[in-house]
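Count along the sequence shown from 1, then add 1; that gives the number in the numbering used here. I have placed the structure first, in the form of structure tokens, so that the comments after it can refer back to it.
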Amino acid sequence: MAELLRAAAGFLDLSTAASFVAAAVALYFLVEQLSYHRKKGPLPGPPLVLPFFGSIVPMVRDPTQYWVVKAAQARESGLGLAADFLVGRFVLFIRDSEMSHQVFANVRPDAFHVLGHPFGKKLWGEHNLIYKFGDEHKDLRRRIAPNFTPRALSTYAALQQRVMLAHMRRWLDHSGGGATSLRVPCRDMNLETSQTVFVGPYLDDKARQRFGDEYNLFNTGVMAMPVDLPGFAFGRSRLAVERLSHMLAGCARESKARMRAGREPECLVDYWMQEIVRDIDEAAAAGLAPPANTDDKDLGNFLFDFLFAAQDASTSSLCWAVSALESHPDVLARVRAEVAEVWSPESGQLMTADTIQGMRYTQAVAREVVRYRPPATLVPHMAGESFKLTEWYTVPKGTLVFPSVYESSFQGFTSPEEFDPDRFFSEERREDVVYKRNYLAFGAGGHQCIGQRYALYHLVLFMALFVSVADFRRDRTEGCDDLEYLPTIVPKDGCAVFLKQRCTSFPSF
């Protein structure tokens, strides 16, 4: 009998515990739903959200469809906004360009914080340029500015052309008559270009190979579930960032020594370290500590930030440029004619900075590629404090905010769904001025992309070289140009093309 009583008591204890857990879960679910609906207010969005996880699974499984639905909700409601819930965070999607400007113009501790990625601070640390505010941020941008002067861009142009032509030669040699998907080859070319332009002489072949392996690890984790545990892609990605930043810190250290010795800059880090070394030496002469953000570790973090910004965004733009040129023969013919007036593959010369600057129509094509298919379609921010976005809606503190530069690109412009470089070339239309506030591919405000001149320069160079040395035809299949997020947008088929050498003799430098 005693044993039966003890068993019954144990059963009651388990039953009570189970009831308590069930009640706690139900209370958590209720509180979370009420909090979500209070923050959501009149905005369109799911009526109920999965506890904690929210919509993270459909977002990771099919990001293209996920954001298409958010954009449709924001558009059809007439409010320009849509709400959701992701991994414990309330989410706000912004379609309206003017509301996006409100976010970009108010990046400060008591308003919006740039994230770059919903879990960016965890992925690549809290000390990168995009997370800086106020005077510290302005001072950093001042030091970085010499990296993108006409003199610096001229130095980079020769490096870029040599790398691009070497890769294009390999693409043609391995085409074999079948279709070649350009996404991975463009990504590999961009990684080598970025390494060469940013830290050229400071990485040997072995280091570059290791760098490429680590970067691939990082890239895999960017689109993975944010689980920072051993064995998960996100955790491996975060560790890869640490190793890459350490490698780049070593490059900064070597460049400092080289610039202090009076050598001429050969790459981006050299132009940057010229300024850094001068500031450090002036502080030392005045008996002061070195300026903030000038030690090797910080510089390694910033260099990685640069490389990440240049790598995937550029791959996206190159792929869309090839697709757009092939599907618009009239545009392709005009680009080829403009380039042929100033350069030919048989000339035995590289293009100069003046040559590149003179290709106005090709520059217009580059700008239209970036408008038509902005690589980073969303620029995640977080609301550090509550912010009154409109007369009728206040963004709650802690909200993940996604201004959509993609949606802005299709607002205001004349026939925005058409690929039309003349909108940026015609002196009469001047849509780059008239609809400037809708051209948000590089952001806006104090955190606008500091490397945008380099990004467009890189795209112009690629197009000029590619259309001159190669004939290309898209392997057109159903849905080949649908958007795919990896993490920037690329054609769904990876931009598959048939390639054939166009020039009489391929340039070699």
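Ideal Cβ positions, reconstructed from N, Cα and C, are used throughout, including at glycine.
Alpha-carbon to alpha-carbon, residue j and residue i
i: L160; j: A106; result: 35 Å
i: G359; j: F463; result: 15 Å
i: S36; j: F388; result: 17 Å
i: D229; j: A456; result: 32 Å
i: L31; j: F235; result: 30 Å
i: R171; j: E137; result: 44 Å
i: D97; j: L308; result: 30 Å
i: P43; j: F86; result: 15 Å
i: D355; j: P508; result: 20 Å
i: T395; j: A25; result: 30 Å
i: D482; j: F473; result: 16 Å
i: W393; j: R39; result: 14 Å
i: T295; j: E77; result: 49 Å
i: L28; j: A284; result: 58 Å
i: V340; j: G349; result: 15 Å
i: P186; j: V164; result: 12 Å
i: E215; j: R430; result: 46 Å
i: S246; j: L192; result: 15 Å
i: E99; j: A158; result: 36 Å
i: N220; j: A286; result: 43 Å
i: P397; j: K41; result: 9 Å
Beta-carbon proximity of residue i to residue j, cut-off 8 Å
i: F426; j: A367; result: no
i: A322; j: V370; result: yes
i: A445; j: H102; result: yes
i: F414; j: Y436; result: yes
i: L183; j: C496; result: yes
i: S405; j: A73; result: no
i: A83; j: G46; result: yes
i: I95; j: G81; result: yes
i: V58; j: P227; result: no
i: F149; j: R454; result: yes
i: V242; j: L93; result: no
i: S318; j: L487; result: no
i: A253; j: L300; result: yes
i: G385; j: D111; result: yes
i: E276; j: G201; result: no
i: V104; j: F91; result: no
i: R1; j: T316; result: Lying outside 2 to 510, the shown extent of the chain, residue 1 is not represented and no answer is given.
i: Y132; j: K139; result: no
i: A311; j: M248; result: no
i: S238; j: L218; result: yes
i: A325; j: F420; result: yes
i: S409; j: N439; result: yes
i: D297; j: A250; result: yes
Supposed close pair residue i, residue j - CB separation, criterion 8 Å
i: A377; j: A290; result: With 8 Å as the limit, A377 and A290 do not qualify as a contact, their Cβ atoms being about 36 Å apart.
i: F514; j: L269; result: Any question about residue 514 goes unanswered here, given that the chain covers just 2 to 510.
i: T363; j: V343; result: The Cβ separation is near 10 Å, so there is no contact.
i: L130; j: L141; result: 6 Å
i: L379; j: F403; result: 5 Å
i: C320; j: V491; result: 5 Å
i: L49; j: Q66; result: Contact doesn't hold; Cβ gap of about 20 Å is too wide.
i: V115; j: H329; result: In fact, because the Cβ distance is near 35 Å, the residues do not count as touching under 8 Å.
i: S256; j: D271; result: 5 Å
i: L499; j: A262; result: One point to set straight first is that residue 499 is Phe, not Leu, in the sequence displayed. So it is not a contact: roughly 50 Å between Cβ atoms.
i: R424; j: E432; result: 4 Å
N-terminal and C-terminal residue of the beta strand (DSSP E) that residue i is part of
i: R90; result: R90 to I95
i: K437; result: Unbroken run through K437: none, as it is neither H nor E.
i: L87; result: L82 to L87
i: Y486; result: L484 to Y486
i: K493; result: K493 -> no beta strand (DSSP E), and no H or E assigned at all.
i: A471; result: A471 to R475
i: H114; result: F113 to V115
Residue interval of the alpha helix (DSSP H) (run including residue i)
i: D140; result: G135 to I145
i: D331; result: P330 to V343
i: A106; result: Note, A106: premise wrong, no alpha helix (DSSP H); not H, not E.
i: T65; result: P64 to S78
i: L245; result: A234 to R261
i: V270; result: L269 to A286
i: R424; result: D423 to F426
i: L441; result: Premise fails: L441 is in no alpha helix (DSSP H) and is neither H nor E.
i: G452; result: Per DSSP, G452 belongs to no alpha helix (DSSP H) and is neither H nor E.
i: L289; result: Where L289 is concerned, there is no enclosing alpha helix (DSSP H), given that its DSSP letter is neither H nor E.
i: L124; result: G121 to W125
The ligand MG heavy atom lying under 7 Å from the CB of residue i
i: M248; result: Ligands displayed in this structure: none; no statement on the ligand MG is therefore possible.
Quick check on the DSSP output: what are the complete alpha helix (DSSP H) runs of length 4 or more inside the segment 150–227, in order along the chain? 151–174, 184–200 and 206–223
Every unbroken alpha helix (DSSP H) inside the segment 331–416 [4 residues or more]: 354–358, 361–373 and 406–409
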